[in-house]
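Each residue of the sequence shown is one higher than the last, beginning at 9 in the working numbering.
Reading through the structure tokens given below for one structure.
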Amino acid sequence: MVDTGFAAFSTTVDRTNRVLKEIESAYGWPKERRNHSYAALRAVLHALRDRLSVDEAAQLAAQFPVLIRGIYYDGWDPSRVPQRMDRDEFMGRVRREFSYDVEGGMPSDLAAVVSA
9 MVDTGFAAFS TTVDRTNRVL KEIESAYGWP KERRNHSYAA LRAVLHALRD
59 RLSVDEAAQL AAQFPVLIRG IYYDGWDPSR VPQRMDRDEF MGRVRREFSY
109 DVEGGMPSDL AAVVSA
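See the structure below:
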């Protein structure tokens, strides 16, 4: 566990690192590619958040560790949601925010992030 000197911060950093490690494990990425797992998490969370109503987005966010909740809400404009997206538009949105190539493509990216 990371020791930040403040238990609530240490806990949320630890929980966030566990989620990122699960994403890395799903792809076989080494820890040195942590930026990839972070970018994948961020892209999927933002696309999902913008697809939900304000109430649904808040209910989902309440389930996340504090640090992931901050990633989720970063840049959010609740006056512009929900955005209607079909599957292809949703995948395109994730692809625009996640610029790395992923073996297996976007569907596997979504699966890895959602299961983490």
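Ideal placement from N, C-alpha and C gives every residue a C-beta, glycine not left out.
Original post:
Taking the alpha-carbon positions, what's the residue 48 to residue 79 distance?
Top reply: Numbered from its first residue, the sequence shown carries residue 48 at position 40. Numbered from its first residue, the sequence shown carries residue 79 at position 71. Whole-angstrom Cα-Cα distance: 11 Å.
Original post:
For residue 60, does the three-state DSSP call read helix, strand or coil?
Top reply: Reading the sequence shown from its first residue, position 52 is the one you call residue 60. Looking at residue 60 - three-state DSSP - the assignment turns out to be coil, as it is neither helix nor strand.
**OP:** Measure the CB-CB distance between residue 56 and residue 24 and report whether it falls below 8 Å.
**Re:** Start at 1 with the first residue of the sequence shown, and residue 56 comes out as number 48. Start at 1 with the first residue of the sequence shown, and residue 24 comes out as number 16. In this structure, residue 24 does not lie closer than 8 Å to residue 56 by Cβ.
Original post:
Measuring CA to CA, which of 54, 62, 27 is closest to residue 42?
Top reply: Against the sequence shown, residue 42 aligns to sequence position 34. Looking at the Cα atoms, 27 is the closest of the given residues.
Subject >> Limits of the unbroken alpha helix (DSSP H) element including residue 87 >> reply: Taking the first residue of the sequence shown as 1, we reach residue 87 at position 79. Where residue 87 is concerned, there is no enclosing alpha helix (DSSP H), given that its DSSP letter is neither H nor E.
**OP:** Could you give the DSSP three-state label for residue 35: helix, strand or coil?
**Re:** The residue given as residue 35 occupies position 27 in the sequence shown. Residue state, collapsed to three classes: helix.
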